Structure formats: structure tokens, C-alpha cells
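Each remark here refers to the structure printed beneath this line.
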Amino acid sequence: MRYFIEFSYNGKNYFGYQIQPDAISVQEELEKALSTILREEIKTTGAGRTDTGVHAKKIFAHFDTEHELSDEFPRRLNGFLPPDISIHRIFKVRDDFHARFDATYRTYEYYISLAKNPFTQESAWQHWKRSLDIDKMNEACKILFEYEDFTSFAKLKTDNKTNICKMYKAHWEQEGTELKFTVSANRFLRNMVRAIVGTMVEVGTGKLKPEDMRRVIEDKNRNAAGTSAPAHGLYLVDVGYEF
1 MRYFIEFSYN
11 GKNYFGYQIQ
21 PDAISVQEEL
31 EKALSTILRE
41 EIKTTGAGRT
51 DTGVHAKKIF
61 AHFDTEHELS
71 DEFPRRLNGF
81 LPPDISIHRI
91 FKVRDDFHAR
101 FDATYRTYEY
111 YISLAKNPFT
121 QESAWQHWKR
131 SLDIDKMNEA
141 CKILFEYEDF
151 TSFAKLKTDN
161 KTNICKMYKA
171 HWEQEGTELK
181 FTVSANRFLR
191 NMVRAIVGTM
201 VEVGTGKLKP
211 EDMRRVIEDK
221 NRNAAGTSAP
231 AHGLYLVDVG
241 YEF
């Protein structure tokens, strides 16, 4: 039987979601807890692989087991996991349903603090020394929808077969001294959102003009884009499926 897990995590202490040698990951902690409770080797497949230090407010993974899981199982699983990983629900899906390949969209949020804030030092990019022109940053957002090849925002030397992504939403909004970027697409390349945010901030400070975003994208060169924004301000907030 195949089950889906909906969960969240604070990525501060992890080298991303995906298991890797000699580094602690969310997937490793999740599989260790599942295997201990079910007394069989459990392997999970996540909806995506977040980078080191990136958080997830809502993410999914699937796993297979011969056990019929009770309604109490999520609570039991939470008891075996560290405080920075939380299980929200577990439910059965058809045997061929896939957490990664059947996802129809992913949505991320990125947070910037526009004032020095001791309470968001580890949850938002502290960008208070220079002001940002949010209107110009939103002008640059509109240009993203003109393109599908986002090579300029992709991490170099990855195993991506294609850098084509379909953008659904990209918008900046300010509430008080907090600035939030919401971006949604059918898929994202490694480091893509952080590279876009870093480039947008260069637009906001006046280093780039909004229309320069076209040149950056058309160059298809990572060096044409801005420096990646810090990981701790980025959150995966939703993954869409047609259950």
C-alpha cells in the first residue's frame, strides 16, 4: 500500500530534504522514524529536494508498506521525530501515485525584513541597510512570465535534463516591515528561487533596471543573474496534486 505524508520542517539544522553522505537530512530522520515504528526498511520519495537551510511549511512524500496504518499513526510518528519536523497527516493513495512526478505545481515564499528585527534573524533576510523599490521589483516579476527557460537562475553542474519551467505566479507584497515574495510554477530548478530573489533585490536597490531581467534570462548564464539570497528566508509552502 502507498501512503502520502503531509509534513513541515524547519530546515536550519539540515542539509536539505534529500539523503546525502556524511550530512544530516530531513529524509534520513523521516525514514529512520518510519522504519523504527513499522519494523521494516522504509524508503520515502519527496515532492522536491530543498537546499540546505531552506524550510518547508507544507511538503509531501510517499512511501510503501504492507501495514494498514491507523488514525493514530501520525501522532506516533511525531513522537519519534525531532521537534523541527512535524507530521500533519498521512493518507492512502493509489499504488502508482508519485509525490514528485504527479505534483502539478510548487509554491514558495521568500521573506525579507526591511527593519532590523531580532526575532527574524533566522527566518528572514535582514535587508534594512538599503531601501528597496517594491514597485520596480514587481515590474521585473511580470517579465518572468514571458519566458520558460530559466537557465540563468539554475545551479551549475546539476543533473537537470531541462531548465524549462512554467511560471504561474510571481509577486512581492509588503506588510509592515516584512516583505514577502510568492512564486509558483510547475517545477523549480535547484537554487532557482534564491537566484531570482537575489536578482530582484538588485532591481530593488537600483543596481539593475526592471527591463534588465530580460537580458539576464536571455543570457542563459548563471553569472548574468544576481547572488543567491540567503537560504533561511525561503519556505516551500504548497505542493499541488489532483488526488
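Counted from 1, the sequence shown has number 65 at position 65 by UniProt numbering; the numbering is strictly sequential. Glycine included, each C-beta is placed from N, C-alpha and C at the ideal position. Since we're looking at a predicted model, the values are computed, not measured.
{"query": "Within the continuous beta strand (DSSP E) that includes R214, where are the two ends?", "result": "Where R214 is concerned, there is no enclosing beta strand (DSSP E), although the alpha helix (DSSP H) it sits in stretches over 212-219."}
{"query": "If Y108 and V193 are in contact, beta carbons under 8 Å, what's the gap, nearest whole angstrom?", "result": "5 Å"}
{"query": "For R106, which residues does DSSP report across the bridge?", "result": "A185, V239"}
{"query": "Grab me the residues of H98's own chain with a C-beta within less than 8 Å of its C-beta, minus the 5 sequence neighbours each way, in chain order.", "result": "T45, H62"}
{"query": "Less than 7 Å between C-beta atoms, sequence neighbours within five positions excluded: which residues of the same chain meet that for A23?", "result": "F15"}
{"query": "Pop quiz: R214 and I143 are said to be a contact at Cβ under 8 Å. What is the actual Cβ separation, rounded to whole angstroms?", "result": "6 Å"}
{"query": "Is the stretch 133-141 in contact with the stretch 202-221, if contact means three or more CB pairs nearer than 8 Å?", "result": "yes"}
{"query": "Is it a yes or a no for the stretch 76-96 touching the stretch 113-122, going by three-plus beta-carbon pairs under 8 Å?", "result": "no"}
{"query": "Quick one: Cα of F73 to Cα of I90, how far?", "result": "8 Å"}
{"query": "Taking the beta strand (DSSP E) that I87 falls in, what are its first and last residues?", "result": "85-93"}
{"query": "With which residues is H171 paired in a DSSP beta bridge?", "result": "T182"}
{"query": "Taking only three categories from DSSP, how would you classify G16?", "result": "coil"}
{"query": "Go to E31, then tell me how far its alpha helix (DSSP H) extends in each direction, as first and last residue.", "result": "26-38"}
{"query": "Which residues does DSSP pair with E6 in a beta bridge?", "result": "F60, R89"}
{"query": "Note the first and the last residue of the continuous alpha helix (DSSP H) segment covering V54.", "result": "Neither: V54 is in no alpha helix (DSSP H) and is coded neither H nor E."}
{"query": "Quick check: what's the CA-CA separation for S152 versus E175?", "result": "30 Å"}
{"query": "Using the C-alpha atoms, what's the distance from F188 back to T104?", "result": "12 Å"}
{"query": "Alpha carbons only, please: which of R2, R76, D96 is nearest the one belonging to T36?", "result": "R76"}
{"query": "Taking the straight line between their C-alpha atoms, what separation do you get for A56 and G48?", "result": "10 Å"}
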